[in-house]
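Colleague: In my numbering, the protein residues as written are 94 to 361.
Each residue gets a CB set at the ideal place from its N, CA and C atoms; glycine is no exception.
Now the structure itself:
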């Protein structure tokens, strides 16, 4: 049972986190002083959904959500732990679960291991969803990846037909490039994630410290999308080498995933 106390000026109230195909009883009472009116009650049954517990944004799209924005998903596809994510329902058929965005430099991405595991930032602005969430989402389904990049004059993208983040050290598996940005991520295939306080790669250069980010560094990078925002020196910026080289920090980036077998639903 849930009790909600509303201000007298409220004329409507949206009930959230209801289970699909379930019956609910609503009772309404007014209170004045210490006296209560007799309760008015009504019953309703929620509609059924194709995916009662949507595991990602592609399932939210197939449930009828057509507008990009924040939603709650069930990564295991069943009742249980939920996470809030941002869904891109417009790009290339929609259904994308966004897990990284850079746009204005308002969020510090030069962070330690724990922050990168759990996630940080604001879903409406700059954020990193978290390595544990990336693993959970890519473990449930074979995923594809899309990377959108923009500057003042141009926008490009890179798509990968294979994208997975392993549980152990959050190792990256990525491949099957197509797009207009050039392929700067395949270089990082089979690399584990590194941060300034956890860099296990056996190279002379400590990549995460040298290039000021958390990433799947090799020796060291062709892409560095979690680098320093707006910094165009020492290869420390937000970099996608195949598009702009290593001396240009890209002002807008967005990384997103959806099932590789996804087919956009018909839009009425």
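I'd like the span of the alpha helix (DSSP H) that includes residue 209, first residue to last.
Modeller: On the chain shown, residue 209 is found 116 positions in, with the first residue counted as 1. 206-211 is the span of the alpha helix (DSSP H), which, as asked, contains residue 209.
Colleague: Rounding to the nearest angstrom, what Cα-Cα distance links residue 228 and residue 123 in this structure?
Modeller: Here residue 228 corresponds to residue number 135 of the chain shown, with the count starting at 1. Here residue 123 corresponds to residue number 30 of the chain shown, with the count starting at 1. Taking the straight line from one Cα to the other gives about 48 Å.
Colleague: For residue 165, report the span of its beta strand (DSSP E) as first-last.
Modeller: Walking along the chain shown from the start, residue 165 turns up at place 72. Segment 162-166, the beta strand (DSSP E) holding residue 165.
Colleague: Should residue 143 be listed as close to the ligand GTP, given that the test is whether its C-beta is under 8 Å from any heavy atom?
Modeller: Within the structure as shown, the ligand GTP is missing, as the structure has no ligands at all.
Colleague: Taking its Cβ as the centre, do 16 or more other Cβ atoms sit within 10 Å of residue 183, making it buried, or is it exposed?
Modeller: Within the chain shown, residue 183 is the residue found at index 90, counting from 1. Classification for residue 183: exposed.
Colleague: Output the boundary residues of the beta strand (DSSP E) element that contains residue 135.
Modeller: Numbered from 1 along the chain shown, position 42 holds the residue referred to as residue 135. Residue 135 -> beta strand (DSSP E) spans 133-138.
Colleague: Only counting the same chain, and skipping five residues up and downstream in sequence, which positions put a Cβ closer than 8 Å to that of residue 358?
Modeller: As a first step, residue 358 is located in the chain shown; it is residue number 265 there, counting from the start. If we look at residue 358 and ignore the five residues flanking it on each side, its Cβ neighbours are 154, 155.
Colleague: Flag this pair as touching only if the segment 235-253 and the segment 262-278 have three or more C-beta atom pairs under 8 Å; answer yes or no.
Modeller: The segment 235-253, when compared against the segment 262-278, does touch it at the 8 Å Cβ threshold.
Colleague: Just to confirm my understanding: we take residue 339, look at its own chain, exclude 5 residues before and 5 after, and list those with CB closer than 6 Å. What are they?
Modeller: One-based indexing of the chain shown puts residue 339 at position 246. Within the same chain, residue 339 has close Cβ partners 328, 332.
Colleague: Determine whether the beta carbon atoms of residue 99 and residue 238 lie at a separation below 9 Å.
Modeller: In the chain shown, residue 99 corresponds to position 6, counting from 1. In the chain shown, residue 238 corresponds to position 145, counting from 1. No. Outside cutoff.
Colleague: Excluding the 5 residues preceding and the 5 following residue 313 in the sequence, name in chain order all residues of the same chain whose CB lies nearer than 7 Å to its CB.
Modeller: Here residue 313 corresponds to residue number 220 of the chain shown, with the count starting at 1. Here the set comprises 298, 300, 303, 304.
Colleague: With a 10 Å radius around its C-beta and 16 neighbouring C-beta atoms as the bar for buried, classify residue 337 as buried or exposed.
Modeller: If you number the chain shown from 1, residue 337 lands on position 244. By the neighbour-count rule (16 or more Cβ atoms within 10 Å), residue 337 is buried.
Colleague: Report the rounded CA-to-CA distance for residue 195 versus residue 323, giving the unit in angstroms.
Modeller: In the chain shown, residue 195 corresponds to position 102, counting from 1. In the chain shown, residue 323 corresponds to position 230, counting from 1. Cα-Cα distance, rounded: 10 Å.
Colleague: Does the Cβ-Cβ distance between residue 267 and residue 246 come in under 9 Å?
Modeller: Numbered from 1 along the chain shown, position 174 holds the residue referred to as residue 267. Numbered from 1 along the chain shown, position 153 holds the residue referred to as residue 246. No, they are not a contact pair.
Colleague: Classify residue 162: buried if its beta carbon has 16 or more other beta carbons within 10 angstroms, exposed otherwise.
Modeller: Numbered from 1 along the chain shown, position 69 holds the residue referred to as residue 162. Exposed: under 16 other Cβ atoms inside 10 Å.
Colleague: In the DSSP assignment, what are the bridge partners of residue 349?
Modeller: By one-based count along the chain shown, residue 349 stands at place 256. BP columns for residue 349 point to 191, 239.
Colleague: Is the segment 209-224 touching the segment 133-153 in the sense that three or more CB pairs, one from each, lie closer than 8 Å?
Modeller: At 8 Å Cβ cutoff, the stretches do not touch.
Colleague: What three-state label does DSSP hand residue 266 in the structure shown?
Modeller: Taking the chain shown and counting its residues from 1, the one referred to as residue 266 is at position 173. Residue state, collapsed to three classes: strand.
Colleague: Answer with buried or exposed for residue 199, where buried requires no fewer than 16 other C-beta atoms within 10 angstroms of its C-beta.
Modeller: Taking the first residue of the chain shown as 1, we reach residue 199 at position 106. Per the 10 Å Cβ criterion, exposed.
Colleague: Give the range of the beta strand (DSSP E) segment to which residue 122 is assigned.
Modeller: In the chain shown, residue 122 corresponds to position 29, counting from 1. Per DSSP, residue 122 belongs to no beta strand (DSSP E) and is neither H nor E.
Colleague: As a quick exercise: from 197, 343, 119, pick the residue whose alpha carbon is nearest that of residue 244.
Modeller: Within the chain shown, residue 244 is the residue found at index 151, counting from 1. Comparing Cα positions, the closest option is 343.
Colleague: Answer yes or no: do residue 263 and residue 230 have a C-beta to C-beta separation smaller than 9 Å?
Modeller: Translated into positions along the chain shown, residue 263 becomes position 170. Translated into positions along the chain shown, residue 230 becomes position 137. No, they are not a contact pair.
Colleague: Between the C-alpha atoms of residue 316 and residue 234, what's the straight-line distance to the nearest angstrom?
Modeller: As a position in the chain shown, residue 316 is number 223, starting the count at 1. As a position in the chain shown, residue 234 is number 141, starting the count at 1. Straight-line Cα distance between these residues: approximately 25 Å.
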